[in-house]
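Visitor: All the letters of the sequence shown, read from the start, carry residue numbers 780 to 1556 under this note's numbering.
One structure is given below, represented as structure tokens, and several questions about it will come after.
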Amino acid sequence: MSGFNLSELLPFYLDETDENIAALNDSLLRLEQDPADAKALAEAFRMFHSIKGASVVMGFAPVNRLTHHLESLFDQLRNKKRTLDRPVLDLTFRCLDELRDYHRELRSGGQSERDLSGLVVDVEAAVKTPSTAPAAPPVAPPPAPAVVPDVLPAIPPADGQEVVCVTVEFEPNLPLVDMKARLVASRLATRAHVVASQPPIEQLEEVESLAKFVVWVTGGGDFDELRALADVGGVARVHVETARQPEPEPTPAAVVTPTVEPPEPVTEPEPEAPASAPPPVAAVAAGEPAVGPKKAKVAETIRVDSDRLDYLMNLAGELVINKARFVDIARSLDEVFRGPNVKTLANETEERLDAILRGLDQVVGAAGGGRGTAAATGTAVASDGSIDRWAGQVRRLRDDFREIGGQLDRLRQGRDHLKTLSEAIHNLGRVTDGLQKGVLDTRMVPIGPLFERFRRVIRDLSHASGKEVVLRISGEKTELDKRMIDELSDPLIHMVRNSVDHGLEPPDVREAAGKARAGTVTLQAAQRGNSVVITVTDDGRGIDCERIRRKIAAKGLVSQAVADAMTERELVPYIWHPGLSTAETITEISGRGVGMDIVKNRIDNLSGGVDVRTTIGQGTVFTIRLPLTLAIMSSLLVRIEGEVYALPLDHIDEIVEISARQVFPVQGRPTIEIRKKIIALVSLSDLFHWGGERRPSTCDFHDLDASSKLRVVVVQNGETTIGLVVDQMIGMQEVVLKSLEKNYRTVSGLSGASILGDGRVSLILDVDAVIDLAAAR
């Protein structure tokens, strides 16, 4: 057997197994509604069989033993030898949970210490337990194992390429021989094009025993390489040869017959091809096109390591930074060349230089003529040679002026080249934007699979709490960054658990209140601009703000007097406080106050925000707002206190310029009115310290000059709106987010940093945190 590193297949095994476990959850949920669903039973049996086969190839014996007994259990169910009852269904769900955790540990550490032996005993006992199901009708004997004849059928060449026949003989009584055959075909497909196989690959699951497996390939190259690829564990012998071509059938001689009306033709059935013969390759291409509806093209997918996508995203981010650098350089050069009539000034300067040169030539000529006259008359003129020295200086000055004229010509040429450079930078920006969007799209996945997991969560919560719960899902096609979807799972689970345990009432209480017995939990997603909004809604009792008032006073978070004065809007955010729970009793689901603070922190780490709206007797709505991606963000660059800051565009309502006369105090704080809406003014000088010192506020209404103007960016977080005073608007730009926590430390009010086109660092403001800091001061 040739050497082969199975660890290279581990990522593919884990991805496939995770998909099978998720699909099994869906099948079991369907079976819970209809235990006689034959299609769901067949799907569950097939997926358990697939996990079992893959696990034995990878060497995971605990998974193989458990799925083997689960496969036997569902074989009884699909053959109607027993009925699917609640104990069997609950046991199967427990097995899926343990299998999911087992493979999660494999993905994180390469091995798992989880013990599955207890579940193996339970499932094996369930298989042996007699069922109350009615006796099934006699089952037909299984089909005889596929036999491959010693004389291989011939196959015509495909597209002029040589067809190679690879025959694999397996060891006697080899377990899971179908998986071995699949492995052989998969390995051959990495080097050659698989034309056909016998038995066909799609029928291997139905094969109980198999002595030989034949694969026809083209473009395989070296026979020794094909032999090495087919030589896997359990293979006794591999034979590789060129497929023999069929002998041409003799063509009958032409027969002349009299012209008569032919009788009605009788069509006799064509003889069936032998079972071992592969489908013809060239014959289909040479014949007439098949009649029938055209099949839709099936989308092709490829599995890519997420780290590779992260690397591409980092490269795209660097490209965005360099694009901004080019744009800044081109803008600076344009400002240099776009002086006041540079071309006209250059022409006028050249004309003046020509005039000076002509005048100097006349001076030099006059000086020379005067010296000759003086010599003729015997008059001494500048006997010290000063005229010669001046003439030499003038000649050098004339040459320098001509050189300056040439430089001015090159300057004009440079302006023409700048136009070409600007066009190239524009095209580079267009390509960069397309590349950036393409890389972002590769990371975007629908949120539907995440939502579908909660059908199982709702099912378990309903049974644990004794409540009737209906889950509604909408917006499942909304796309979000894969990393963010992975991080969203735990926060959403906490929210759904609290909605069921705290929000929904028991069925009897709901009926007494005039509601339906079954409560409704709704998961909804929608894209709004560059953000995705996810809502978790329940139609339960709502959040009891009076209970929160008593809890925060009892825990000493605020004094009783302050608690009594707080409004419901001020009380609700305390549900995010660690250790605070409104539950009267602790249950297995919730009640310890250790969930919602995790939700808030996780969403904050994703540069998102969460809002709560509740109505007593009607229900609660949790709204999560997240950026589409964590890598690149559209922002407004502003200058404050000499530094450049980036404000996310999604949080900006408008930009206004106001006079100091429009600023008035409300409860001692500077405030403005815009379209009959009162907005508090905030200066970063009130929130941050630069170099350990606090700078004077730029919006203190006591110190403002009545004639001064203030530039204000109105920002909001979905709940609160403030006006941020800035010194200068720079413009909109896409910035690449860099983590402050990894490169420096966490700073409240800042979500990250970015590198600008000129190489400077811009800090990215966390609007939610800025609003919280402004409210707390």
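Where a beta carbon is used, it is the ideal one built from N, C-alpha and C, also for glycine.
Rounded to whole angstroms, what is the Cα-Cα separation between Ala-1291 and Glu-1284?
Guide: For this step, residue 1291 is matched to residue 512 along the sequence shown. For this step, residue 1284 is matched to residue 505 along the sequence shown. Computed Cα separation, rounded: 10 Å.
Visitor: In terms of alpha-carbon separation, which member of Asn-799, Val-1351 and Ser-965 lies closest to Thr-1394?
Guide: What you label residue 1394 is simply residue 615 of the sequence shown in a count that begins at 1. Here the closest residue by C-alpha is Val-1351.
Visitor: Quick check: the Cα distance between Phe-827 and Ala-815, rounded to an integer number of angstroms?
Guide: Reading the sequence shown from its first residue, position 48 is the one you call residue 827. Reading the sequence shown from its first residue, position 36 is the one you call residue 815. The straight-line gap from Cα to Cα measures roughly 18 Å.
Visitor: Exposed or buried, Trp-995, counting other C-beta atoms within 10 Å across all chains shown (16 or more means buried)?
Guide: Position 216 of the sequence shown holds residue 995. With 16 or more other Cβ atoms within 10 Å, it is buried.
Visitor: Along the chain, which unbroken stretches of the beta strand (DSSP E) at least 3 residues long are found entirely within the segment 1254-1284?
Guide: 1258-1260
Visitor: Quick one: using the 10 Å Cβ neighbour count with 16 as the cut-off for buried, is Ile-1331 buried or exposed?
Guide: As a working mapping, residue 1331 is identified with position 552 in the sequence shown. Answer is buried; the Cβ neighbour count reaches 16.
Visitor: Sorted by chain position, which residues of the same chain lie with C-beta nearer than 6 Å to Arg-1381's C-beta, five sequence neighbours on each side aside?
Guide: Taking the sequence shown and counting its residues from 1, the one referred to as residue 1381 is at position 602. Here Arg-1381 has Pro-1270 as same chain residues with Cβ atoms under 6 Å from its own Cβ, once five neighbours each way along the sequence are excluded.
Visitor: Can Arg-961 and Ile-980 be called in contact, C-beta distance under 8 Å?
Guide: Along the sequence shown, read from residue 1 onward, the residue named residue 961 stands at position 182. Along the sequence shown, read from residue 1 onward, the residue named residue 980 stands at position 201. The answer is yes: Cβ separation under 8 Å.
Visitor: How is Val-1523 classed by DSSP in three states: helix, strand or coil?
Guide: Within the sequence shown, numbered from 1, the residue matching residue 1523 stands at position 744. As written in the sequence, residue 1523 is Tyr, which differs from the Val given in the question. DSSP, reduced to helix, strand and coil, places Tyr-1523 outside both helices and strands of the structure shown, so it counts as coil.
Visitor: Between His-848 and Val-902, how many whole angstroms is the CB-CB distance? I'm expecting something under 8 Å.
Guide: For this step, residue 848 is matched to residue 69 along the sequence shown. For this step, residue 902 is matched to residue 123 along the sequence shown. The Cβ separation is near 4 Å, so the contact holds.
Visitor: With the cut-off set at 8 Å, would you say Leu-793 and Arg-861 are in Cβ contact?
Guide: To locate residue 793, count along the sequence shown from 1; it is residue 14. To locate residue 861, count along the sequence shown from 1; it is residue 82. No, the Cβ-Cβ distance between Leu-793 and Arg-861 is not below 8 Å.
Visitor: Among residues of its own chain, excluding the 5 on either side of Arg-1251, which ones have a beta-carbon nearer than 7 Å to its beta-carbon?
Guide: Walking along the sequence shown from the start, residue 1251 turns up at place 472. Hits under 7 Å: Thr-1299 and Thr-1301.
Visitor: Looking at the secondary structure, which residues open and close the beta strand (DSSP E) in which Gly-1012 lies?
Guide: In the sequence shown, the residue the question calls residue 1012 occupies position 233. Note, Gly-1012: premise wrong, no beta strand (DSSP E); not H, not E.
Visitor: At which residue ranges does the segment 1389-1418 contain complete beta strand (DSSP E) runs of 3 or more residues, listed in the order of the chain?
Guide: 1398-1406
Visitor: Output yes or no for whether 8 Å exceeds the beta carbon distance between Val-1514 and Ile-1543.
Guide: Translated into the one-based positions of the sequence shown, residue 1514 becomes position 735. Translated into the one-based positions of the sequence shown, residue 1543 becomes position 764. Yes, the Cβ-Cβ distance between Val-1514 and Ile-1543 is below 8 Å.
Visitor: Excluding the 5 residues flanking Thr-846 on each side, which residues of the same chain have their C-beta closer than 6 Å to its C-beta?
Guide: Position 67 of the sequence shown, counted from the start, is the residue given in the question as residue 846. Within the same chain, Thr-846 has close Cβ partners Phe-827, Ile-830 and Lys-831.
Visitor: For Asp-1506, which of Leu-1359, Val-1423, Leu-1197 and Val-1099 has the nearest alpha-carbon?
Guide: Taking the first residue of the sequence shown as 1, we reach residue 1506 at position 727. Of the candidates Leu-1359, Val-1423, Leu-1197 and Val-1099, the one whose C-alpha sits nearest the C-alpha of Asp-1506 is Val-1423.
Visitor: State whether the segment 802-812 contacts the segment 1232-1246, with contact taken as three or more CB pairs (one from each stretch) at a distance under 8 Å.
Guide: yes
Visitor: Applying the 10 Å Cβ sphere with the 16-neighbour rule, what's the burial state of Tyr-1523?
Guide: Mapped onto the sequence shown, residue 1523 falls at position 744. It is exposed - the Cβ of Tyr-1523 has fewer than 16 other Cβ atoms within 10 Å.
Visitor: State the start and end residues of the unbroken alpha helix (DSSP H) segment that holds Asp-1551.
Guide: One-based indexing of the sequence shown puts residue 1551 at position 772. 1546-1555 is the span of the alpha helix (DSSP H), which, as asked, contains Asp-1551.
Visitor: Would you grab the beta carbon distance between Asp-1317 and Thr-1399 for me? Rounded to a whole angstrom, and I think it's under 8 Å.
Guide: Against the sequence shown, residue 1317 aligns to sequence position 538. Against the sequence shown, residue 1399 aligns to sequence position 620. Contact between Asp-1317 and Thr-1399 holds: their C-beta atoms lie close to 6 Å from each other, under 8 Å.
Visitor: First and last residue of the alpha helix (DSSP H) that includes Thr-796?
Guide: Working through the sequence shown from its first residue, we reach residue 796 at position 17. Start and end: 789-812.
Visitor: Relative to the C-alpha of Asp-1545, which residue among Asp-1010, Ala-1555 and Val-1494 is closest?
Guide: Working through the sequence shown from its first residue, we reach residue 1545 at position 766. The candidate whose alpha carbon is nearest that of Asp-1545 is Val-1494.
Visitor: Less than 8 Å separating the beta-carbons of Val-1492 and Leu-1426?
Guide: Looking up residue 1492 in the sequence shown gives position 713. Looking up residue 1426 in the sequence shown gives position 647. Yes, they are a contact pair.
Visitor: How would you label Val-1275, buried or exposed, when you count the other beta carbons within 10 angstroms and need 16 or more for buried?
Guide: What you label residue 1275 is simply residue 496 of the sequence shown in a count that begins at 1. Buried.
Visitor: Among residues of its own chain, excluding the 5 on either side of Ala-1006, which ones have a beta-carbon nearer than 7 Å to its beta-carbon?
Guide: Taking the sequence shown and counting its residues from 1, the one referred to as residue 1006 is at position 227. Just to set this straight, residue 1006 is Arg in the shown sequence, not Ala. Beyond the five residues adjoining it in sequence on each side, Arg-1006 comes within less than 7 Å, by CB distance, of Val-1017 and Val-1019 in the same chain, given in chain order.
Visitor: Straight-line CA distance for Phe-1401 to Ala-1305?
Guide: Residue mapping note: residue 1401 aligns to position 622 of the sequence shown, counting from 1. Residue mapping note: residue 1305 aligns to position 526 of the sequence shown, counting from 1. In a straight line, the C-alpha of Phe-1401 is about 14 Å away from that of Ala-1305.
Visitor: Since I believe Ser-1241 is in contact with Phe-1247 (beta carbons under 8 Å), could you give me their beta-carbon distance rounded to a whole number of angstroms?
Guide: In the sequence shown, the residue the question calls residue 1247 occupies position 468. In the sequence shown, the residue the question calls residue 1241 occupies position 462. For the record, residue 1247 in the displayed sequence is Glu; it is not Phe. About 7 Å separates the two Cβ atoms, so the contact holds.
Visitor: Could you tell me whether the Cβ atoms of Glu-1266 and Met-1223 are closer together than 8 Å?
Guide: Stepping through the sequence shown from its first residue, residue 1266 is reached at position 487. Stepping through the sequence shown from its first residue, residue 1223 is reached at position 444. Result no, Cβ atoms of Glu-1266 and Met-1223 do not sit closer than 8 Å.
Visitor: Would you decide whether Pro-1406 is buried or exposed? Buried here means 16 or more other CB atoms lie within 10 Å of its CB.
Guide: By one-based count along the sequence shown, residue 1406 stands at place 627. So Pro-1406 counts as buried.
Visitor: Gly-1396 and Gly-1321: beta carbons closer than 8 Å?
Guide: Position 617 of the sequence shown, counted from the start, is the residue given in the question as residue 1396. Position 542 of the sequence shown, counted from the start, is the residue given in the question as residue 1321. Contact flag set, yes.
Visitor: Using DSSP bridges, identify the partner residues of Tyr-1424.
Guide: For this step, residue 1424 is matched to residue 645 along the sequence shown. Val-1417 and Leu-1542.
Visitor: On the criterion of 16 or more Cβ atoms from any shown chain inside 10 Å, does Met-1412 qualify as buried, or is it exposed?
Guide: Start at 1 with the first residue of the sequence shown, and residue 1412 comes out as number 633. Met-1412 should be labelled buried.
Visitor: So which of Leu-1200, Gly-1217 and Met-1263 has the shortest CA-CA distance to Leu-1229?
Guide: Mapped onto the sequence shown, residue 1229 falls at position 450. Considering only alpha carbons, the answer is Met-1263.
Visitor: Which term fits Val-1210, buried or exposed, when burial requires 16 or more other beta carbons within 10 angstroms of its beta carbon?
Guide: Working through the sequence shown from its first residue, we reach residue 1210 at position 431. Exposed, because fewer than 16 other Cβ atoms sit within 10 Å of the Cβ of Val-1210.
Visitor: Return the Cβ separation of Val-842 and Val-947 in integer angstroms, given the expectation that the two are a contact with Cβ distance under 8 Å.
Guide: The residue you call residue 842 lines up with position 63 of the sequence shown. The residue you call residue 947 lines up with position 168 of the sequence shown. Here Val-842 is actually not in contact with Val-947; their C-beta atoms are around 26 Å apart, not less than 8 Å.
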